[in-house]
Amino acid sequence: MRKRVLPYRKLKDDFYETLKLTCSGSVLFVPENLYCIDFAVRHMPEHGAVVEIGSFLGMSTNMIAHYLQIHRRDNTFFSCDKWEFEEKEMNFYRQSLGISPENMKQFVKESFIRNLRFFNPARLPFTIELFSDEFFQQWNSNTEATDVFGRKTPLGGAISFAYVDGNHQLEFVRRDFENIDRHLVIGGFIFFDDSASFIASDIRGFMKEMNRKAGYKLVLKNPNQLWQKIKQ
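Here is the structure:
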C-alpha cells in the first residue's frame, strides 16, 4: 500500500459536491485538482486567456469557470475538444453498450453543452470543437471561430493558465506543452491532469522533461502537477 507522509490538499466546495452528484463525468475528476485550479486562478496574471485542452463532459470546465467567478477573474476562458474516441473506446461502446461511436460522441457533446449551460450560464467558456493541434493552428493565425454555443470569437493572444487533459500519448502531451509555452506569459501556469507519479501514463513521463526545463518551476504536486513559467 502506498503511504503518504503528508495528505494531499483538498478544498471544501459545495459547488463541487453538487456537481459530483449531478454532473456526468464527475467520476473522472480528481477532487485534489480543485486546490490546483483555485491556486492557479487566484495567482495567474490578469492579462491572458485561460485555455483547457480536453473538456469531455464538462466537469473540469465547470470547476474552472466556478473559480473564475469566485475570484472575479475576467480572463477570457477557452476550451477545445473534438469528442472523438480512440479505437479501444469505440469498440467498448459498440460491444458493451451497443452504441455507435457517432451516437456516443453526440451524447457526450450534448451533455457537455447542457452541463455548462445549467451550472455556469454566466461564465460559459468559448468551447471550440477541434483537436488541440487544430485549435492552436487557428490560435496562432488569430482566426475567428464559432464555438459549440453558437458564438463567434477571435482566437489568439497571451495565455495565463492552461489546463491540459487531452491525448495522453507522449508526442501529443509534448506538442500541447510547446503550443501553450509559445503563448504563456511569465508567471502563468500549466496544470497537467493525470501527471501523478503513481499513474502509469505518458504524462508522468513528460514530467521528467518538465523537471529539466529552466523556464519552469513545480508549484504544486497534489498529486497532479501544477507548473509556473518563471522565464522565457
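Reminder that position 19 of the sequence shown reads as 1122 in this note's numbering, one-by-one numbering, no gaps. Ideal placement from N, C-alpha and C gives every residue a C-beta, glycine not left out.
Please return the same chain residues whose Cβ sits closer than 6 angstroms to the Cβ of residue i, not counting the five positions on each side in sequence.
i, result
"Met1193", "Pro1204"
Any idea what DSSP makes of residue i, helix, strand or coil?
i, result
"Ile1167", "helix"
"Pro1224", "helix"
"Ser1182", "strand"
"Asp1246", "It is Thr, not Asp, that sits at residue 1246 in the sequence shown. If DSSP states are grouped into helix, strand and coil, Thr1246 belongs with coil."
"Gln1332", "Before going on, a small fix: residue 1332 reads as Lys here, not Gln. DSSP places Lys1332 in strand when its eight states are reduced to three."
"Val1322", "strand"
"Ile1293", "strand"
"Val1251", "coil"
"Glu1155", "strand"
"Ile1216", "helix"
"Pro1204", "helix"
"Phe1301", "coil"
"Tyr1196", "helix"
Under a Cβ-count criterion, where at least 16 other Cβ atoms within 10 Å of its own Cβ denotes burial, should residue i be classed as buried or exposed?
i, result
"Ile1078", "Since the displayed the chain opens at 1104 and closes at 1335, residue 1078 lies outside it and no answer follows."
"Thr1125", "exposed"
"Asp1177", "exposed"
"Lys1332", "buried"
"Leu1343", "Because the chain spans 1104 through 1335 in this model, residue 1343 falls outside it and cannot be assessed."
"Glu1189", "exposed"
"Lys1106", "Its pLDDT being 41, under 50, Lys1106 is placed unreliably in this model, and the coordinates cannot settle the point."
"Phe1301", "exposed"
"Asp1117", "exposed"
"Gly1291", "buried"
"Ser1244", "exposed"
"Ser1163", "buried"
Could you spell out where the alpha helix (DSSP H) holding residue i opens and where it closes?
i, result
"Glu1189", "No alpha helix (DSSP H) holds Glu1189; DSSP gives it neither H nor E."
"Leu1273", "1273-1284"
"Ala1143", "1136-1146"
"Val1306", "Note that residue 1306 corresponds to Ile in the displayed sequence, not to Val. Its alpha helix (DSSP H) spans residues 1305-1313."
Cutting at 7 angstroms between CB atoms, please list the residues of its own chain near residue i, excluding the five before and the five after it.
i, result
"Glu1213", "none"
"Ser1298", "Ile1306, Arg1307, Met1310, Asn1327, Gln1328"
"Asn1347", "Examination of residue 1347 is not possible in this model, given that the chain is present from 1104 through 1335 alone."
"Gly1157", "Asp1184, Asp1268, Gly1269"
Looking at the secondary structure, which residues open and close the beta strand (DSSP E) in which residue i lies?
i, result
"Phe1118", "Per DSSP, Phe1118 belongs to no beta strand (DSSP E); it is in the alpha helix (DSSP H), 1117-1125."
"Phe1229", "1229-1231"
For residue i, verify whether its CB is less than 8 angstroms away from any heavy atom of the ligand NAP.
i, result
"Trp1242", "Absent from the structure shown: the ligand NAP. Ligands present: none."
Check: Pairing CB atoms from the region 1215-1231 with CB atoms from the region 1243-1253, are three or more of them under 8 angstroms?
Finding: yes
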